[in-house]
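Here the sequence shown stands for residues 11 to 190, where the numbers follow the working numbering.
Even glycine gets a Cβ: it sits at the ideal position worked out from N, Cα and C.
Predicted model only: the values in this text are computed from it and were never measured.
Okay, so here's the structure we're looking at.
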Amino acid sequence: MADDARLSAGELLDVVDEHDRVVGQARRGDVYARRLRHRCTFVLVRNAAGEIFVHRRTARKLVFPSLYDMFVGGVVGAGESYDEAARREAEEELGVRGLPDPTPLFTFLYDTPEHTWWSAVYEVRCDVPVDPQATEVAWHAFLSEEELDRRLTEWDWVPDGVAAYRRLLAWRREEPRPDR
Numbered sequence: 011m012a013d014d015a016r017l018s019a020g021e022l023l024d025v026v027d028e029h030d031r032v033v034g035q036a037r038r039g040d041v042y043a044r045r046l047r048h049r050c051t052f053v054l055v056r057n058a059a060g061e062i063f064v065h066r067r068t069a070r071k072l073v074f075p076s077l078y079d080m081f082v083g084g085v086v087g088a089g090e091s092y093d094e095a096a097r098r099e100a101e102e103e104l105g106v107r108g109l110p111d112p113t114p115l116f117t118f119l120y121d122t123p124e125h126t127w128w129s130a131v132y133e134v135r136c137d138v139p140v141d142p143q144a145t146e147v148a149w150h151a152f153l154s155e156e157e158l159d160r161r162l163t164e165w166d167w168v169p170d171g172v173a174a175y176r177r178l179l180a181w182r183r184e185e186p187r188p189d190r
């Protein structure tokens, strides 16, 4: 295992129940190996043109290596809030500082036979040039929503990101608007 993956596997996370209440703590590697429910953030990043930051994860990632993702984000550390993790993860993965606070949109439980985590979905605008973290991001680009939709059937995507993106699109369709 690479050094950065080994360090990541040792990170302490809160373990949560089906209601997102903390019930204990465990190392990240144990959380994944034992399928313990924990917390993650998903941050949709748009540039000034409204395009979405898309990237391919590095092969060294513990979960979903080398797959494409339309979100930045990651696990919430032990004792850390979703909001703190969303900003930290976005700045780390984008390689920027001084990002505005990501706007919280909704939460959902991602639950499959292999993985389970409470997921907080955010959005943020990034108007500065990005310099993605090489240990996290193998490739990146800003894509229009139309281009992203086309690529959904062509590229191999992280399944939790696709689930979050589909929920985001549905949430936007249902979101009350002042003009309605």
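- Taking C-beta atoms as the reference points, G171 and D79 count as a pair closer than 8 Å.
- A direct Cα-Cα distance of roughly 10 Å separates R160 from L153.
- The beta carbon of E90 sits closer than 7 Å to no other beta carbon from its chain once the five residues preceding and following it are set aside.
- A check of alpha carbon separations from L162 across L77, T51, F118, P142 identifies L77 as the nearest.
- The alpha-carbon separation between R38 and V138 amounts to approximately 32 Å.
- A direct Cα-to-Cα measurement between E156 and W165 gives close to 14 Å.
- If you check the CB distance, L23 and G87 come in under 8 Å.
- Assigned with DSSP and collapsed to three states, D159 falls in helix.
- In the structure shown, the three-state DSSP call for W165 is coil.
- In the three-state reduction of the DSSP assignment, R97 falls in the helix class.
- Around the C-beta of V168, 16 or more other C-beta atoms lie within 10 Å, and the residue is accordingly described as buried.
- The bridge partners DSSP lists for D79 are H65.
- Going by C-alpha positions, L178 is about 13 Å away from I62.
- For D40, the uninterrupted alpha helix (DSSP H) run begins and ends at 38 to 43, by DSSP.
- V64 is the residue among F74, T68, V64 whose C-alpha sits nearest the C-alpha of V82.
- Boundaries of the beta strand (DSSP E) harbouring A130: 126 to 135, taken from the DSSP string.
- Between P142 and L104, the gap from beta carbon to beta carbon is short of 8 Å.
- Between the alpha carbons of P114 and G84 lies a gap of roughly 15 Å.
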